[in-house]
Structures are given as C-alpha cells and as structure tokens.
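Peer 1:
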Amino acid sequence: MNKDILELDGVIGGGQVLRTALSLSMITGTPFRIINIRARRSRPGLLRQHLTAVLAAAEISGAEVEGAELHATSLVFRPGPIRGGDYRFAIGSAGSCTLVLQTVLPALLQAAEPSRVQISGGTHNPAAPPFDFLDRAWLPLLRRMGGRVELQLHRHGFVPAGGGALEAFIQPSPLMPLHLTERGEVLEQRADVLLAGIPGHVGERELARVGKRLQWPDADLHCTWLDQEHGPGNILTLTVACEQLTEQFCAFGQNGVRAEAVADRAVEPLRQWLTSGAAVAEHLADQLLLPMALAGSGSFTTTHLSEHLQSNIQVIEAFCPVAVHCTPTGKVLRVEVVSRA
Numbered sequence: 160m161n162k163d164i165l166e167l168d169g170v171i172g173g174g175q176v177l178r179t180a181l182s183l184s185m186i187t188g189t190p191f192r193i194i195n196i197r198a199r200r201s202r203p204g205l206l207r208q209h210l211t212a213v214l215a216a217a218e219i220s221g222a223e224v225e226g227a228e229l230h231a232t233s234l235v236f237r238p239g240p241i242r243g244g245d246y247r248f249a250i251g252s253a254g255s256c257t258l259v260l261q262t263v264l265p266a267l268l269q270a271a272e273p274s275r276v277q278i279s280g281g282t283h284n285p286a287a288p289p290f291d292f293l294d295r296a297w298l299p300l301l302r303r304m305g306g307r308v309e310l311q312l313h314r315h316g317f318v319p320a321g322g323g324a325l326e327a328f329i330q331p332s333p334l335m336p337l338h339l340t341e342r343g344e345v346l347e348q349r350a351d352v353l354l355a356g357i358p359g360h361v362g363e364r365e366l367a368r369v370g371k372r373l374q375w376p377d378a379d380l381h382c383t384w385l386d387q388e389h390g391p392g393n394i395l396t397l398t399v400a401c402e403q404l405t406e407q408f409c410a411f412g413q414n415g416v417r418a419e420a421v422a423d424r425a426v427e428p429l430r431q432w433l434t435s436g437a438a439v440a441e442h443l444a445d446q447l448l449l450p451m452a453l454a455g456s457g458s459f460t461t462t463h464l465s466e467h468l469q470s471n472i473q474v475i476e477a478f479c480p481v482a483v484h485c486t487p488t489g490k491v492l493r494v495e496v497v498s499r500a
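Its first residue numbered 160, the sequence shown is counted upward by one per residue in this note's numbering.
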C-alpha cells in the first residue's frame, strides 16, 4: 500500500463516499484510491453522473485520474491546485446535476478567483436532491456559513429524458461554524406540484392528499404546469420554513403509482421530522456535514444515523482534522463536528 494515498472502500454509502472524497481531495491536496464503488447498488460502479463528477473535479484541480470510465468500480485520484473559472459539464443523461454541483462547489469556494459552473442533465432526479431542495433548504444554510453562491435553474430535466440545465456563480469565501440544535417555530408551509406532459388531475390528487393528511389550507397548495417538452415529469415538494431553517421533502410521480401514494411518500418523512423535534431531516443532515467540517466545527440535531451519514463521517474524518460525535438525546441524534487541530 502506498502510504501517500488515502485508501477508501465505497461498498457502503453509494456515490456519496466518492463525491465527498473528490471534494475533500481537491481541498486538502490528498490523493486517494477508492474500491468497491457503489458495490451494493443494482448497477454498481460509475454511472454517468458519477463519472461527470470525477471528470469535473479533475478539470477543476488538474488531477491525474486512473479508472475514470463508465461502470468502473475502482478509481485513483491525484489532485493539483484548485482553479476557479468558467466551467461547463454535460452529464449526457438524466443523471443528477445537483450532485455534480455539490461535488465541485466546496472546492471552488476555496479557489483564488470566482467561478461560473453550468451543468446539463437531470435537475429533478428521484435518486438525488432536486434543484428546489438546494435552492430553498441547503443553499440558505451555506450562505449563513459565509458561502457566496448564486444558483439559477434554466430548464427542468426529469428522468428519463434529462435535458435540464442549472448555473451556479461562486465567489471564493471561507465558511464559518453553524449550530442548528433546534428548528424554531413554523413560519410558513407550502406544497408545490410540477407537471410536464402529465395530466392535470394527477397534481390535483397529490395536492388534495397533502391537504387532507397535513390539514394544510388550499392557499398553501400550488400547481405549476411546465411546457410538455420538459417532460414527462412530475414532482411534489413540501416546504416548511421555520425560524432557524427551511426543510423540504419531495416525491416523484412514477408509472403505476397512484397520485395519493406519491403524496404519502413526501408526507410521511415530513411528519416524522415534525414529530421528532430534530432540527434537520435525513437528507439535509448528510449535506451539512461537509461544510461544517470545512468550517472546523458545527452541530445539528437530526432524526437518526443514516447509512449515508455514517459513511460520510468516516470519509470526512479520514481527510480532515475534525472528529464527528453522534449522541442520542431523547428522540433526536445530536451530531457535533469538533476540531482535532
């Protein structure tokens, strides 16, 4: 084993382990080798969105890469200096634009010059956070930490057609610690349905189910029809703005799945989050950990220790001079990032 290269196993945690490793490798200058990439998935190895993330990270850092090909289950990545600039990345499928962006964004915050990043592919992919989640839930917290980022959606891209496009403007900026131990009182709530090439009654039924189960008034239920050429596609998002943060839960329409069942897939995790008293739910917890590690400290409460969160902790502790402590407290899990420097 080459002691100069960090050795990682991607058997648990899916593509999250790879994306976190790419981000932190660029930032710390630490090369890594990863094996068993997405080994437990039905289609193991690098899919297009993962390969695009690898190639994007390589372009931004001038990295030397071994194994950057579709379906590869191992990879070696040796980064160079991070370079800000004007970048365009095309996934070539409905693979997630948002996950590619989240791979390169932390590194570009530490570049010497501003960056513009344009990514085409899937902006609303069931296997990834949709654009709306980044825009309404994740990005506001990153800005509170000091991140200077603007995000624009130019075109929706659903599975399987893709064709979506987003753009990010990133100013170099250090991140500050953030502590989210409680969410505060609910200030606003809304349900949004997007329909592209899908009959309108589908959205009406999804919203009716949300209104019935959550007792939300009609004024909080919204439906938007996109041009048919953007689809076919259907997503339901439930957004809850609280005093300390905004959370969002989503569900995607699928062939053979009733509209009411789609609504239930978004309603259930929202209700569990509200009942738990945790500040952030599962997906936002996964995505706050890396910025907090770069800030040197931070904390939040969440509902439980997910597999993604656990594997993310292991990668972050391998690259960064921080320790992550998880402590069950009543109905919530307290996650604290502390410096080891």
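All C-beta atoms, glycine included, are put in the ideal place defined by N, C-alpha and C.
These numbers come from a predicted model, not from an experiment.
1. If you drop the 5 nearest sequence neighbours on each side, which residues of the same chain put their C-beta closer than 6 angstroms to that of GLY370?
2. Check whether the segment 429 to 449 touches the segment 306 to 316, taking contact to mean three or more Cβ pairs, one atom from each stretch, closer than 8 angstroms.
3. Cβ of GLU341 within 8 angstroms of Cβ of PHE328?
4. Is the CB-CB distance between ARG247 and ALA270 below 8 angstroms?
5. What residues are listed by DSSP as bridge partners for GLN407?
6. With a threshold of 8 angstroms, are at least 3 pairs of Cβ atoms found where one atom belongs to the segment 374 to 388 and the other to the segment 398 to 414?
7. Check whether the segment 216 to 236 and the segment 195 to 208 are in contact - that is, three or more C-beta pairs closer than 8 angstroms.
8. Suppose you measure from the CA of VAL170 to the CA of LEU468; what does that come to, to the nearest Å?
9. Taking the DSSP output, what are the residues bridged to SER458?
10. Three Cβ pairs or more, each shorter than 8 angstroms: is that satisfied between the segment 480 to 495 and the segment 352 to 366?
11. Residues in the same chain with beta-carbon distance under 7 angstroms from ASP294, minus the five sequence neighbours each way, listed in chain order, please.
12. For THR212, which option in LEU258, LEU354, SER184, GLY322 has the closest C-alpha, if you only look at C-alpha atoms?
13. Just how far apart, CA to CA, sit ASN161 and PRO190?
14. Which first and last residues belong to the alpha helix (DSSP H) in which ASP245 is found?
15. Which two residues bound the contiguous alpha helix (DSSP H) that contains GLY226?
16. The alpha helix (DSSP H) spanning THR211 covers which residue range?
17. What whole-angstrom Cβ distance do SER279 and ALA324 have, given they're in contact under 8 angstroms?
Peer 2: Well, looking at it:
1. LEU380
2. Touching, no, given that fewer than three Cβ pairs across the two stretches are closer than 8 angstroms.
3. Contact: no.
4. no
5. Partner residues in the beta bridge of GLN407, as assigned by DSSP, are THR398.
6. no
7. yes
8. 14 angstroms
9. HIS338, GLU495
10. no
11. In its chain, beyond the 5 residues on either side, LEU310 have a beta carbon closer than 7 angstroms to the beta carbon of ASP294.
12. Sequence inspection shows Ala at residue 212; the Thr mentioned does not correspond to that position. Closest by alpha carbon: LEU258.
13. For ASN161, the predicted model reports a pLDDT of 42, less than 50, meaning its position is unreliable; a value from the coordinates is still stated below. So the alpha carbons of these two residues sit roughly 10 angstroms apart.
14. It is not in any alpha helix (DSSP H) - ASP245 instead sits in the beta strand (DSSP E) that spans 245 to 249.
15. Here GLY226 belongs to no alpha helix (DSSP H), and DSSP marks it neither H nor E.
16. 207 to 220
17. For a cut-off of 8 angstroms, the C-beta gap from SER279 to ALA324 is around 5 angstroms, short enough to register as a contact.
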